[in-house]
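Each remark here refers to the structure printed beneath this line.
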Amino acid sequence: MKIAVIGGTGLIGAQVVENLNAAGHEAVPHSLSTGVDVVSGQAVDRAVEGAGVVVNLTNSPTFDDASLAFFEASMGNLLAAAGDGGVGHFVILSIVGVDKVPELDYYRAKVLQEELLRGGAVPYSIVRATQFMEFMDAVLTWTADKDSVRLPATPIQPIAAKDVAAAVAEVAVGAPLNGIRNIGGPEVFALDDLGRLILSRKGDSRTVVTDPTAGMFAVVKGDVLTDTDARLAHTRYTDWLS
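Next up, the structure:
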């Protein structure tokens, strides 16, 4: 099977391509670095030509309200090319709980991406993942200084990027779900407690201060970023840190 992986050189995309090719498929990575611009539409038709499946893993360069325009343009161009090219399955990667946090511009943009996919003519699958383990260090920098890191106690369920890539590849070669598959890590943490674990493992002496107003995840109410009924990966956070 020929599979066009748009955003196929990024953190998840490169691993999806590797997994698919190892399984005997012809997975072709496309990105700005290969000349494909999903916003302008440049070379999008060429990228999906002859593909039975399109996996779209492109991401907005910003997390503000400009991300809405990114997903509107990119999905419009990709869906049009996929429809014209006779693609039989279109896969995107989204976020667990994405439709429950309208306060975040980026989450609203991902909801728009999902809606555009559902409204298109191509059979589809949406893989919703919990927060990536690889992003946790960045989360800690948002509200840190030389003495402390301020974090809310928001529940999160981190998943390793390699497990996300494996799940996306599995969905890509299956029948279209015409719906959503949720995936998550095996453990749920309060974000402030996870921050303490990370700093301890790194030998970082800074103190984690629980602050319900700190950072992007402060606006998240309840446990909407977790899903213990999802398909759970096996990689535990402490093993990943090791």
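Numbering-wise, the sequence shown is residues 188 to 429 according to the working numbering. Using N, Cα and C, we set each Cβ at its ideal position, and we do this for glycine too.
Item                                                                                                                                                        : Value
Going by alpha carbons, who is nearest to Ile190 out of Val358, Thr422, Phe258?                                                                             : Val358
Rounded C-beta distance between Ala417 and Gly371? I'm assuming under 8 Å.                                                                                  : 4 Å
What's the C-alpha gap between Thr249 and Trp329?                                                                                                           : 15 Å
Consult DSSP for Phe250 and reduce its assignment to one of helix, strand or coil.                                                                          : coil
Which whole-angstrom value describes the C-beta separation of His276 and Pro363, a residue pair presumed to lie in contact below a C-beta threshold of 8 Å? : 5 Å
Rounded to whole angstroms, what's the CA-CA distance from Arg337 to Asp379? Just pull it up for me.                                                        : 8 Å
Name, in chain order, the residues that DSSP records as bridge partners for Lys430.                                                                         : This structure leaves residue 430 out entirely; the chain is present only between 188 and 429.
Would the segment 266-285 and the segment 236-244 be scored as touching if the rule is three or more Cβ pairs under 8 Å?                                    : yes
Nearest to Ala420 by alpha carbon, out of Ile346, Ile193, Val285, Glu321?                                                                                   : Ile346
Just list the residues that DSSP pairs Pro342 with in beta bridges.                                                                                         : Ala377
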